[in-house]
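So the sequence lines, in the order shown, correspond to chains A and B.
Numbering-wise (the UniProt record's numbering), the first sequence opens with residue 1 and increments by one.
Numbering-wise (the UniProt record's numbering), the second sequence opens with residue 1 and increments by one.
A virtual CB, placed ideally from N, CA and C, is assigned to each residue, including glycine.
In what follows, a single structure is set out as structure tokens and then discussed.
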Amino acid sequence: MLFFSYFKDLVGQEVTVELKNDLAIRGTLHSVDQYLNIKLENTRVVDQDKFPHMLSVRNCFIRGSVVRYVQLPPDGVDVDLLHDAARREARGG
Amino acid sequence: MSSWAGPEDIYLSTSLASYLDRKILVLLRDGRKLMGTLRSFDQFANAVLEGACERVIVGEQYCDIPLGLYVIRGENVVLIGHGERGASSKYDSRLRDRD
């Protein structure tokens with residue numbers, strides 16, 4: 001629940017999603033769900049030459065199960081807030 | 001500032017509804033690229049693709065293998081992509097079609 005809420009606060013930010021198949025996609029976070037599926041808009045692939053089939057893809061839905069990393073701008077994160085939330089979650093769980 | 005999930009938010013999902021009846025690209029875990037019209041989906045990202053074809057790309061050349069009506073099991077789906085209109089011409093000019 002914590003990361004779902006966390007990602008909901010990041011909607012509208014530029015993120016780079018790195019997938020388990022090594023594909024990295026940069027785009028604007030449009031939405032996220034309980035499975036941490038991600039919808040990105042205005043997407044471009046980080047290494048375009050390696051993945052030519054993605055050239056014309058502008059929006060995509062990424063299944064949560066295939067995500068390795070979600071890279072965020074360093075100032076896009078309120079670390080203290082996250083810290084508190086994690087502590088609260090740990091206490092409650 | 002932060003909005004913690006209320007009971008109604010738990011059932012929020014990133015919907016594929018906006019892709020319905022559109023031409024989409026589906027990347028599968030085995031590396032295959034399927035293209036077709038999305039006709040149906042569910043919470044597991046299972047999908048029904050009408051007029052599906054597999055796009056095989058080798059270097060600068062590509063070829064489409066027609067497949068017909070496909071039901072894709074969600075666990076194999078990596079990504080479902082949708083492009084803006086006319087964007088495929090940018091793609092086609094990069095790759096050459098081979099029969």
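Collapsed DSSP secondary structure at residue i in the structure displayed
| i | result |
| --- | --- |
| residue 64(B) | strand |
| residue 45(B) | coil |
| residue 50(A) | coil |
| residue 21(A) | coil |
| residue 15(B) | coil |
| residue 81(B) | strand |
| residue 42(A) | strand |
| residue 40(B) | strand |
Cβ pair residue i, residue j closer than 8 Å
| i | j | result |
| --- | --- | --- |
| residue 46(A) | residue 26(A) | yes |
| residue 21(B) | residue 38(B) | yes |
| residue 58(A) | residue 36(B) | no |
| residue 60(A) | residue 49(B) | no |
| residue 100(B) | residue 74(B) | Residue coverage of chain B in this structure runs from 1 to 99, which leaves residue 100(B) outside it and unanswerable. |
| residue 29(A) | residue 15(A) | yes |
| residue 32(B) | residue 60(B) | no |
| residue 28(B) | residue 76(B) | yes |
| residue 25(B) | residue 53(A) | yes |
| residue 70(A) | residue 17(A) | yes |
Closer than 8 Å to chain A by CB, residue i
| i | result |
| --- | --- |
| residue 23(B) | no |
| residue 67(B) | no |
| residue 72(B) | no |
| residue 55(B) | yes |
| residue 37(B) | no |
Closer than 8 Å to chain B by CB, residue i
| i | result |
| --- | --- |
| residue 95(A) | Missing from the structure shown is residue 95(A); chain A here goes from 1 to 93 and no further. |
| residue 32(A) | yes |
| residue 53(A) | yes |
Contacts that residue i makes with chain A (C-beta to C-beta distance below 7 Å)
| i | result |
| --- | --- |
| residue 78(B) | 19, 21, 63, 66 |
| residue 16(B) | 61 |
Contact list for residue i against chain B, beta-carbon separation under 9 Å
| i | result |
| --- | --- |
| residue 50(A) | Result: empty, since nearest Cβ-Cβ is about 11 Å, beyond 9 Å. |
Chain A contact residues for residue i, given Cβ-Cβ distances below 8 Å
| i | result |
| --- | --- |
| residue 45(B) | 37, 61, 63 |
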